[in-house]
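K.L.:
Adding 16 to a residue's 1-based position in the sequence shown gives its number in my numbering.
The structure follows.
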Amino acid sequence: MSTLAAQAPTFDCRADFADELIALARADERIVAVCNDSVGSSNLAKFREEFPDRLINVGIAEQDMVGVSAGLANAGFIPFVSAAAPFLTGRALEQIKADIAYSHRHVVLCGQSPGMAYGELGPTHHSIEDLSWMRAVPGLKIIVPADPAQTRAAVRWAAVSGEPTYLRVPRFKVPAVTPDDASFEIGCAVRLADGADVTLIAVGTMVSRALDAAGLLAQDGISARVLNMMFVEPLDVSAVVSAARETGAIVTAEEGLVSGGLGAAVAKVVAEHHPVPVRMLGVPSFAPTGSTSFLLDHFGLNAEGVAAAARKALGRP
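And the structure:
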């Protein structure tokens, strides 16, 4: 377990997602929630109690769920579609592509419990492909908040953006890492630490672990910049190019497949603008069954693994 995660209080961001959605719904009657028999796992019980006529539960029918949300958006509502990430993105990908993104409907797709949050339920319930799938859909904004404050900010932004959006809501508990004065702007990363030797770019559950890795590297005399890249699409190209030019090496860290997610997006920018060594940390293939903490450690998605990748990128043992 990383140092920050072990010492600081941690939070389930689904609670902040639900509380912020309720607050927005009180102010805007256009906001509705759509789910697939996932009221409990999405923390929507309080929303249902306060707005019984504004929660649409379609049952275990993800394709219908997304199609219904597109119709609601077309009628002037602002649907927040909440479901387990592996089933929302896997079963309803065609509807997300055609009904939401291609039709440019203002629908917020909320992937609950992404990554390996359903650890013990095995590969069928792991959502490690979602960032790759969603990045392949043109026009879809992708947000991966790192903590409660960013989750709330993402919900607020998505409600008024007018954009089709995929919001990845963490289930695995995380510490608070967002500074009080941090802004939330589309396509803008948040710099959490300055450094001159290497840049660590992380999303979601990996942000706190990247900060811990920076601390480990500092003990070796390595100065690491840390970027929280909460918008995977659109990516903060300027921040990536500056990192490449100013630090000379980059490590990406994500709780998902490296083949098409954050690492792939960063590597594309680096290759096109300023080639430097890039190490991509993530999940290489289907994960075994085990707790989320075990699986993250199994794949080196911890402070020690990120620090080791940074040393390799710098050519140090």
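Each residue gets a CB set at the ideal place from its N, CA and C atoms; glycine is no exception.
These figures come from a predicted structure and were not determined experimentally.
Considering only the beta carbon of each residue, do residue 298 and residue 321 sit closer than 8 Å?
P.N.:
Here the question's residue 298 lines up with position 282 in the sequence shown. Here the question's residue 321 lines up with position 305 in the sequence shown. The answer is no: Cβ separation not under 8 Å.
K.L.:
Count the other C-beta atoms from every protein chain shown that fall within 10 angstroms of the C-beta of residue 191, then say buried if there are 16 or more, exposed otherwise.
P.N.:
Counting from 1 along the sequence shown, the entry for residue 191 is found at position 175. That one is buried.
K.L.:
Take residue 156 as the anchor and find which of 133, 239, 219, 123 has the nearest alpha-carbon.
P.N.:
By one-based count along the sequence shown, residue 156 stands at place 140. Among 133, 239, 219, 123, the Cα nearest to that of residue 156 belongs to 123.
K.L.:
Rounding to the nearest angstrom, what Cα-Cα distance links residue 315 and residue 303 in this structure?
P.N.:
Your numbering for residue 315 matches position 299 in the sequence shown. Your numbering for residue 303 matches position 287 in the sequence shown. Their backbone Cα atoms lie some 9 Å apart in a straight line.
K.L.:
Buried or exposed for residue 45, please, with buried defined as at least 16 other CB atoms from any protein chain shown within 10 angstroms of its CB.
P.N.:
Residue 45 sits at position 29 when you count from the first residue of the sequence shown. Exposed, since its Cβ has fewer than 16 Cβ neighbours within 10 Å.
K.L.:
So for residue 335, helix, strand or coil by DSSP?
P.N.:
Outside the modelled stretch of the chain, which goes from 17 to 333, sits residue 335, for which no answer is possible.
K.L.:
What number of angstroms, rounded off, separates the C-alpha of residue 232 from the C-alpha of residue 31?
P.N.:
Translated into the one-based positions of the sequence shown, residue 232 becomes position 216. Translated into the one-based positions of the sequence shown, residue 31 becomes position 15. Going by the C-alpha atoms only, they are around 31 Å apart.
K.L.:
Let me know the secondary structure DSSP gives residue 17 once reduced to three states.
P.N.:
Locating residue 17 in the sequence shown gives position 1, counting from the first residue. With a pLDDT of only 42 at residue 17, under 50, the local geometry of the prediction cannot be trusted, and no value is derived from it.
K.L.:
Provide the residue span of the alpha helix (DSSP H) that contains residue 247, from first to last.
P.N.:
The count along the sequence shown starts at 1 and reaches residue 247 at position 231. First-last for residue 247: 247-249, but that is the beta strand (DSSP E), not the alpha helix (DSSP H).
K.L.:
Do the region 166-186 and the region 106-122 make contact, defined as three or more Cβ pairs closer than 8 Å?
P.N.:
Yes, they touch.
K.L.:
Under 8 Å, do residue 127 and residue 143 count as touching if we go by C-beta distance?
P.N.:
What you label residue 127 is simply residue 111 of the sequence shown in a count that begins at 1. What you label residue 143 is simply residue 127 of the sequence shown in a count that begins at 1. For residue 127 and residue 143, yes; Cβs fall inside 8 Å.
K.L.:
Ordered along the chain, which non-local residues of its own chain (more than five positions away) have a Cβ less than 7 Å from that of residue 308?
P.N.:
The residue labelled residue 308 in the question sits at position 292 within the sequence shown. So the list reads 132, 133, 135, 188, once near-sequence residues are dropped.
K.L.:
If you check the beta carbons only, do residue 203 and residue 247 fall under 8 Å apart?
P.N.:
In the sequence shown, residue 203 corresponds to position 187, counting from 1. In the sequence shown, residue 247 corresponds to position 231, counting from 1. Contact flag set, yes.
K.L.:
Residue 167 and residue 33: beta carbons closer than 8 Å?
P.N.:
For the purposes of this step, residue 167 is identified with residue 151 of the sequence shown, where counting begins at 1. For the purposes of this step, residue 33 is identified with residue 17 of the sequence shown, where counting begins at 1. The answer is yes: Cβ separation under 8 Å.
K.L.:
With a threshold of 8 Å, are at least 3 pairs of Cβ atoms found where one atom belongs to the region 244-260 and the other to the region 204-218?
P.N.:
They touch, by the three-pair rule.
K.L.:
Residue ranges of each beta strand (DSSP E) run of no fewer than 3 residues wholly in the region 55-118, ordered along the chain?
P.N.:
Complete beta strand (DSSP E) runs here, min 3: 71-73, 94-100.
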